[in-house]
Amino acid sequence: MIQYILILIFMGLIWIIMTTWFRDRIKKLWLYTLFPLVIYSIPIIYIASRMNLLTQYLVLTALLIIYSYYTMKLIKEISLKDVLFIPILIIILLIVSIIVTNTTGNGGY
Numbered sequence: 001m002i003q004y005i006l007i008l009i010f011m012g013l014i015w016i017i018m019t020t021w022f023r024d025r026i027k028k029l030w031l032y033t034l035f036p037l038v039i040y041s042i043p044i045i046y047i048a049s050r051m052n053l054l055t056q057y058l059v060l061t062a063l064l065i066i067y068s069y070y071t072m073k074l075i076k077e078i079s080l081k082d083v084l085f086i087p088i089l090i091i092i093l094l095i096v097s098i099i100v101t102n103t104t105g106n107g108g109y
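Count the sequence shown with the UniProt record's numbering and you get residues 1 to 109, in order.
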């Protein structure tokens, strides 16, 4: 499971480096935020399904808050800072959900 976390963190770092490297050439910042948001949400939902009911609701509520933040920023005009910040929130949420799952004994990893 640690390898999975490291791969996701590595993907996030590559994504951040690419975004900052091509900062002047990116015309649609929302594309660079939507892609990691969807990709990182899949394992979070999978891991949350293995938790007890209370933690499952907390993790999915946090994910919905991140999606709401993204939608509000997209409506107001998203900035590069937001584009770099949202996937970091997703990575943190993923790591916390994996730790909670493994410490509560509900993870069959």
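Where a beta carbon is used, it is the ideal one built from N, C-alpha and C, also for glycine.
Would you say residue i and residue j are within 9 Å of each other, going by their C-beta atoms?
i           : j          : result
residue 91  : residue 40 : yes
residue 101 : residue 42 : no
residue 66  : residue 89 : yes
residue 63  : residue 93 : yes
residue 51  : residue 97 : yes
Under the rule that 16 or more other beta-carbon atoms within 10 Å means buried, what is residue i, buried or exposed?
i          : result
residue 15 : buried
residue 59 : buried
residue 70 : buried
residue 72 : exposed
residue 6  : exposed
residue 17 : exposed
Out of the options, point me to the one whose CA is closest to residue i's CA.
i          : options            : result
residue 35 : 81, 51, 101 and 11 : 11
residue 86 : 9, 8, 95 and 37    : 37
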